[in-house]
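K.L.:
Below is a structure I'd like to ask you about.
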Ligand SMILES: [Zn+2]
Ligand SMILES: [Zn+2]
């Protein structure tokens, strides 16, 4: 099979020919129809996340067709449309797993980081962490739901009941989460890089009541702010935009250092927290909700061989919505073995 390989941090991805992986007991083999390109992939390429498997096939927003079953898989069937998310394994025995917080599992393993992912024609995954895809979504449409959507949804939950919600960084996750937030009746304020008129008008099209530069203050105080951009200077900026008792949620897996700030902007029960990974329950809840309200991702398709260009475009911030690698030859379920 064709795969785009990361040999070492800082190196460009390389097209390689690999054997199609065999599903071990408990695993499925998936023919990849599409795989989303996430900001986390850039952090791995840049060496900002420790100890990735190397060489590595990136990609943790995989939508495709079940192609073969390993021994003792009875929850999924050959030919079924499935999604493979970031959470690839949990131990089920540690304290976090016992408390229903498998996203914090001590032994968790992640797709496209410690396990080969979806920048390839085929991928294997532990069947217990895969999701059946809702009807009405092409693979290209479904791929961004698997991280930008699912982890974005967890982030939104942790932002609490906030009516006035700020979104800092208007990329793949924010453009999905605004659709959920609007459905829930919240008012969304979108913040983007200074002068990025394109993102700001995109946010307004999706129903933001206000869109502006990330260092500008919003016209009203916010009840919560979600920071999707990996930029630590946004934390004090967002705190300054918050009403009393408000929360800043940092949604990314990596962020540049947060500058020191006066206690006064945290005072009055303002709160800063992070979000890590997802639970399977987050994923299931989000997919049900997305299908019910008709969440639609805006996608920019790239061929598998152009994965490096997709990462470069993401880094430059020139993609509206989500970049997705699409395998046009793998869309037809009827040819299933
Ligand atoms: Zn991701
Ligand atoms: Zn665990």
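Residue numbers (my numbering): 90 to 426.
Idealized CB from N, CA, C, for every residue including glycine.
As the structure is a prediction and not an experimental result, all values here were calculated from the model.
Could you say if the stretch 121-138 and the stretch 226-235 meet the contact criterion of at least three C-beta pairs nearer than 8 Å?
P.N.:
In short, these stretches touch, since the Cβ pair count reaches three.
K.L.:
Output the distance between the C-alpha atoms of residue 141 and residue 292, rounded to the nearest integer angstrom.
P.N.:
Whole-angstrom Cα-Cα distance: 34 Å.
K.L.:
Measuring CB to CB, does residue 436 end up less than 7 Å from residue 234?
P.N.:
What the structure shows of the chain is the stretch from 90 to 426, and residue 436 is not part of that stretch, so it cannot be assessed.
K.L.:
Let me know if residue 407 comes out buried or exposed under the rule of 16 or more other beta-carbons within 10 Å of its beta-carbon.
P.N.:
Label assigned to residue 407: exposed.
K.L.:
If you drop the 5 nearest sequence neighbours on each side, which residues of the same chain put their C-beta closer than 6 Å to that of residue 199?
P.N.:
Cβ within range, chain order: 175, 177.
K.L.:
Beta-carbon within less than 7 Å of residue 222's beta-carbon, same chain only, minus the 5 sequence neighbours each way: which residues are those?
P.N.:
Around residue 222: 152, 170, 171, 172, 231.
K.L.:
Is it the case that the CB of residue 200 approaches a heavy atom of ligand 1 more closely than 6 Å?
P.N.:
Residue 200: no, Cβ never under 6 Å from ligand 1.
K.L.:
Give me the Cα-Cα distance between residue 262 and residue 245, rounded to the nearest whole angstrom.
P.N.:
Looking at the two C-alpha atoms, the distance is approximately 10 Å.
K.L.:
Does residue 241 come out as helix, strand or coil in the three-state DSSP assignment?
P.N.:
Residue 241 falls in the helix class under three-state DSSP.
K.L.:
Along the beta strand (DSSP E) that carries residue 213, what are the first and last residues, could you check?
P.N.:
Here the beta strand (DSSP E) through residue 213 covers 211-215.
K.L.:
May I ask whether a heavy atom of ligand 1 can be found less than 6 Å away from the beta carbon of residue 124?
P.N.:
Checking the Cβ of residue 124 against ligand 1 gives no.
K.L.:
So, for residue 323: in the same chain, excluding its five sequence neighbours on each side, which residues have a beta-carbon less than 7 Å away from its beta-carbon?
P.N.:
Contacts found: 257, 303, 316.
K.L.:
Under three-state DSSP, which class holds residue 55?
P.N.:
The first residue shown for the chain is 90 and the last is 426, placing residue 55 beyond what the model contains.
K.L.:
Quick check: the Cα distance between residue 195 and residue 286, rounded to an integer number of angstroms?
P.N.:
C-alpha separation (whole angstroms): 42 Å.
K.L.:
Hey, is residue 179 close to ligand 2, as in C-beta under 6 Å from one of its heavy atoms?
P.N.:
Answer for residue 179: yes, Cβ within range of ligand 2.
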